[in-house]
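Just so you know, numbering that gives the first Met the number 0 puts the end of the sequence shown at 319, numbered straight through with nothing missing.
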Amino acid sequence: MTPVSLYWRIFGLNAVVLGAATALLLWAPVTVSVPVLLTEAVILVGGLAVMLVANAALLRVGLAPLGRLTRLMTTVDLLRPGQRLPVQGRGEVADLISAFNAMLERLEGERASSSARALLAQESERRRIAQELHDEVGQSMTAILLALKQAADDASEPLRGELQLVQEITRESLDEVRRLVRRLRPGVLDDLGLVSALTSLTGEFAAHSGLRVSRSFDSDLPELDHETELVLYRVTQESLTNAARHAEARRVDVSLRRAGDTVVLDVSDDGRGIGPAPEGAGMRGMRERALLIGAELDVVPAARSGTRVRLTLPGRGEEP
Numbered sequence: 000m001t002p003v004s005l006y007w008r009i010f011g012l013n014a015v016v017l018g019a020a021t022a023l024l025l026w027a028p029v030t031v032s033v034p035v036l037l038t039e040a041v042i043l044v045g046g047l048a049v050m051l052v053a054n055a056a057l058l059r060v061g062l063a064p065l066g067r068l069t070r071l072m073t074t075v076d077l078l079r080p081g082q083r084l085p086v087q088g089r090g091e092v093a094d095l096i097s098a099f100n101a102m103l104e105r106l107e108g109e110r111a112s113s114s115a116r117a118l119l120a121q122e123s124e125r126r127r128i129a130q131e132l133h134d135e136v137g138q139s140m141t142a143i144l145l146a147l148k149q150a151a152d153d154a155s156e157p158l159r160g161e162l163q164l165v166q167e168i169t170r171e172s173l174d175e176v177r178r179l180v181r182r183l184r185p186g187v188l189d190d191l192g193l194v195s196a197l198t199s200l201t202g203e204f205a206a207h208s209g210l211r212v213s214r215s216f217d218s219d220l221p222e223l224d225h226e227t228e229l230v231l232y233r234v235t236q237e238s239l240t241n242a243a244r245h246a247e248a249r250r251v252d253v254s255l256r257r258a259g260d261t262v263v264l265d266v267s268d269d270g271r272g273i274g275p276a277p278e279g280a281g282m283r284g285m286r287e288r289a290l291l292i293g294a295e296l297d298v299v300p301a302a303r304s305g306t307r308v309r310l311t312l313p314g315r316g317e318e319p
């Protein structure tokens, strides 16, 4: 059976209402006097109101799916996949909703692929910059430190004190370069694994931010691939950075635990919480990384105050 188009359905609804009104005027014992009597005017206005209400109700039922489609089109976010409209019935509206759902499916896949390429390129560039900082800037500053030490040993006061001061400033700058290298390329993640990398990250964060950091890592975590471990590391890194820069927090709790066949990363702070402002580049970057491994990222208010970032891996966290 060929489905009836939206045009003919609306036309049919109006035809039914107008036909019923015409039949009522033809066969009902109702006449219109000249001049019009009050009772006749009340009957005509009442009939018109009934026709308009019936027509409006029928059109609202017929066009309701288009309203839902419009609302979804204005609020859909490709970084929150899975938003779909149910397809009910047949006809043009159902075909339109099906086509829109298929378009969302395709766009989410393309967004995930493009985000994966962009993030892999970003990590490659970070490794290159970290390598150059380590090999060129780091070695040059190390040579400068050795030269300053030699000059300070051979110099007399007060020049020796000034050279030692310059030597200390250079040493602090070298330490900062090394911290940048570790942020750009977490070598401990490759060498010692995820738990050691997160332990090092949280320890260094606490030392330089002044915040209290509590960490809890399960000992029976499943084996994860390098891409997943890198996403967990980067999400933790970005969450700690947000807590220090924007949340005005005093304490941060970091946990990584196993929940059945999934792994859950939880970073909570006691700061001022998330406001009505739109998400920034850092938060959207975390969502893109979560999509890269098919994980679910939730950013919600913490139990008492502050913000809670939770990353839940899919069921791939099973033992091999």
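For each residue, glycine too, the CB sits at the ideal point set by N, CA and C. None of these values were measured; they are calculated from a predicted model.
Original post:
Taking the continuous alpha helix (DSSP H) assigned at ARG125, which residues delimit it?
Top reply: 91-131
**OP:** Excluding the 5 residues preceding and the 5 following PRO80 in the sequence, name in chain order all residues of the same chain whose CB lies nearer than 6 Å to its CB.
**Re:** GLU107
Subject >> Exposure of ASP268, with buried meaning 16 or more beta-carbon neighbours within 10 Å >> reply: buried
Subject >> Buried/exposed call for GLN138, threshold 16 Cβ in 10 Å >> reply: exposed
Subject >> For THR235 and VAL86, the rounded distance between their alpha carbons >> reply: 39 Å
Original post:
According to the Cβ coordinates, are LEU291 and LEU118 closer than 8 Å?
Top reply: yes
Original post:
Sorted by chain position, which residues of the same chain lie with C-beta nearer than 8 Å to SER304's C-beta, five sequence neighbours on each side aside?
Top reply: ASP269, GLY270, ARG271, GLY272
Original post:
What beta strand (DSSP E) runs, 3 residues minimum, are completely inside the stretch 183-270?
Top reply: 211-216, 250-258, 261-268
**OP:** Could you name the residues that DSSP lists as bridge partners for GLU295?
**Re:** THR311
**OP:** Give the secondary structure of PRO300 by DSSP, where H, G and I count as helix, E and B as strand, and everything else as coil.
**Re:** strand
Subject >> Straight-line Cα distance separating ASP153 from HIS207 >> reply: 35 Å
**OP:** Pull up the DSSP beta-bridge partners for THR306, would you.
**Re:** PRO300
Original post:
Alpha carbon to alpha carbon, what distance is there between THR311 and LEU164?
Top reply: 49 Å
Original post:
What whole-angstrom Cβ distance do MET282 and VAL298 have, given they're in contact under 8 Å?
Top reply: 7 Å
**OP:** Could you tell me how far apart the beta carbons of ARG249 and ARG288 are, in whole angstroms, since I believe they sit closer than 8 Å?
**Re:** With 8 Å as the limit, ARG249 and ARG288 do not qualify as a contact, their Cβ atoms being about 27 Å apart.
Subject >> Sub-8 Å separation of LEU144 and GLN130 beta-carbons >> reply: no
Subject >> Top-ranked residue by Cα proximity to ASN13, from VAL251, LEU57, GLU237 >> reply: LEU57
Original post:
Just the Cα atoms here: how many angstroms apart are GLY11 and LEU17?
Top reply: 10 Å
**OP:** Hey, could you find the ends of the alpha helix (DSSP H) LEU147 is sitting in?
**Re:** 138-153
Subject >> Burial state of LEU255 (16 or more Cβ within 10 Å) >> reply: buried
**OP:** Using the Cα positions of GLU222 and LEU188, report the straight-line distance between them to the nearest angstrom.
**Re:** 14 Å
**OP:** Mark THR227 as exposed unless 16 or more other C-beta atoms lie within 10 angstroms of its C-beta, in which case mark it buried.
**Re:** buried
Subject >> Where GLN166 sits in the DSSP three-state scheme >> reply: helix
Subject >> Proximity of ILE205 and VAL194 at Cβ, strictly below 8 Å >> reply: Residue identity differs from the one stated: residue 205 is Ala in this sequence, not Ile. In this structure, VAL194 does not lie closer than 8 Å to ALA205 by Cβ.
Original post:
For GLU317, which residues of its own chain have a beta-carbon under 8 Å away from its beta-carbon, when the five flanking residues on both sides are left out?
Top reply: Confidence at GLU317 is low in this model, with a pLDDT of 42, below 50, so the placement of that residue should be treated as unreliable; the coordinate-derived value is given next. If we look at GLU317 and ignore the five residues flanking it on each side, its Cβ neighbours are PRO221, ASP260.
Subject >> Length of the line joining the Cα atoms of VAL308 and VAL251 >> reply: 11 Å
Subject >> LEU58 in three-state terms, based on DSSP >> reply: helix
Subject >> Local conformation of GLU171 per DSSP, three classes >> reply: helix
Original post:
Straight-line CA distance for SER97 to ARG257?
Top reply: 38 Å
**OP:** Just confirm the distance between the C-beta atoms of GLY284 and GLU237, as a whole number of angstroms; I'd bet it's less than 8 Å.
**Re:** 7 Å
Original post:
Taking DSSP as the reference, what is the three-state secondary structure of LEU84?
Top reply: coil
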